[in-house]
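In the numbering used here, the protein residues as written are 1 to 287.
In this text, a Cβ means the ideal position worked out from N, Cα and C, and glycines have one as well.
Down below is the structure, laid out as structure tokens.
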Amino acid sequence: MPRRPFAAAVLAFALAAAPAAVAFADGDRTAEDPILALLAQLKDDQPVEVRLAALREAAGTDDPRLIAPLGKLLKAPEEDVRLAAVTTLASRTMPDTQKRAAAALLERSKALQAAFEKDVSKKDELVAVVKGLHDLAQESTIDGLLDGIELGVDLAVVEARAMAVANVPSAKAIEGLIDYMGRQHRGGTGLRGVLSKALMYATGAKQANDVDAWRGWWKDVKATFDFQAAAAARASARDAKAAKDAAKKAATEPKAKRKKNDTTPPKDGDKPADPEKPADPEKPNEA
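What follows is the structure, given as structure tokens:
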């Protein structure tokens, strides 16, 4: 009998300490696995600033557990969060996560395409999603991207779709673009020109807007076409353009003017600035 109060006290102490022990264990897991903390910060109940910071961090972290919450943020109420989620999904590097990210972006593009047909303000977001699909370059997205070409006549959207298809290193991409060029696009809409541009981007070849010329060319080179070399050439061209655009932007930015008494030391090899001449003393007033 005397032992029962002691046992009850021990049990009560253990139950009271249990939540703290669980919290401590959760903290340990979070410390050991930073993805858990990142997942918590991506939840839709977090402030916008927290989610945006987490999205920036997730852009450099390719973990399969991030795909589902990132896909959910494609429908976030805030446009900044949605666009950041697109960028983060498009930055996946592993084959499996790239494929899953592309599936999420393709599904989102369908919803945005339908919304864009009623509300043109959705255009920029739709183009951003399609450009994300371009960067992921997944063969599984070719059909969906091509089908979207028929859904509207906005050439900016059509071009984004065509270029996304062209960036996929696959015979299916090239053949799909040639096939769409031959479908009722006889001129006047600009679609043939856009598709020809995409084919040039995909292959490095030039056959103008002539679908028969493209078909004949592809028939001759298909067996030996080097998709990886073509992809490397596209990447190199994009890098060169980005560097050129950055240099052009830097050249147009106003340069900071040096203040009159600025004593910034000269760079190596530069001629030291001449010392300022002392001001002439004031002349005394003549009586």
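By alpha-carbon distance to L136, the top candidate from Q46, S91, D220, V50 is S91. Put simply, the backbone Cα of A40 is about 10 Å away from that of V50.
Cβ contact annotation for Y180 (same chain, cutoff 7 Å, sequence separation greater than five): L146, I149, L195, in chain order. Look at G190 here: in three-state DSSP terms it is coil, with no helix or strand label. By the Cβ criterion, the region 194-209 is in contact with the region 219-239, since at least three pairs of Cβ atoms, one from each stretch, lie closer than 8 Å. Here A76 carries a coil assignment [DSSP, helix/strand/coil]. DSSP places S109 inside the alpha helix (DSSP H), whose first and last residues are 95-116. For R65, same chain residues with a beta-carbon under 7 Å away, outside a window of 5 residues either side, are I35, L39 in chain order. Taken through DSSP and simplified to helix, strand or coil, P34 comes out as helix. Excluding five sequence positions before and after T93, the CB atoms of its chain that fall closer than 7 Å to its own CB belong to D62, given in chain order. Approximately 4 Å separates the beta-carbon atoms of G182 and V211; this is inside 8 Å, confirming the contact.
Contact between E139 and S109 fails: their C-beta atoms lie close to 16 Å from each other, not under 8 Å. For R51, the enclosing alpha helix (DSSP H) covers residues 48-58. Between D80 and L52, the beta carbon gap of about 7 Å places them in contact (Cβ cut-off 8 Å).
Burial of V168 is indicated by the presence of at least 16 other C-beta atoms within 10 angstroms of its C-beta.
For V127, the CB contacts under 7 Å within the same chain, skipping 5 residues up- and downstream, are A156, V157, A160 in chain order.
Assigned with DSSP and collapsed to three states, L39 falls in helix.
One Cα belongs to A232, the other to R238, and the distance between them is close to 10 Å.
Residue range 227-252 is occupied by the alpha helix (DSSP H) that includes R238. Contact annotation: R82 and E125 have beta-carbon atoms nearer than 8 Å. In the three-state DSSP reduction, D179 falls in the helix class (H, G or I). Residue nearest to Y201 within the set A173, G190, A213 is A173 (criterion: CA-CA distance). Per DSSP, the unbroken alpha helix (DSSP H) holding E159 starts and ends at 155-166.
Secondary structure of E125 (DSSP, three-state): helix. Across the structure, P95 and L105 are spaced so that their CA atoms are roughly 15 Å apart.
In this structure, A84 and L42 do not form a Cβ contact; the two beta carbons are roughly 11 Å apart against a cut-off of 8 Å.
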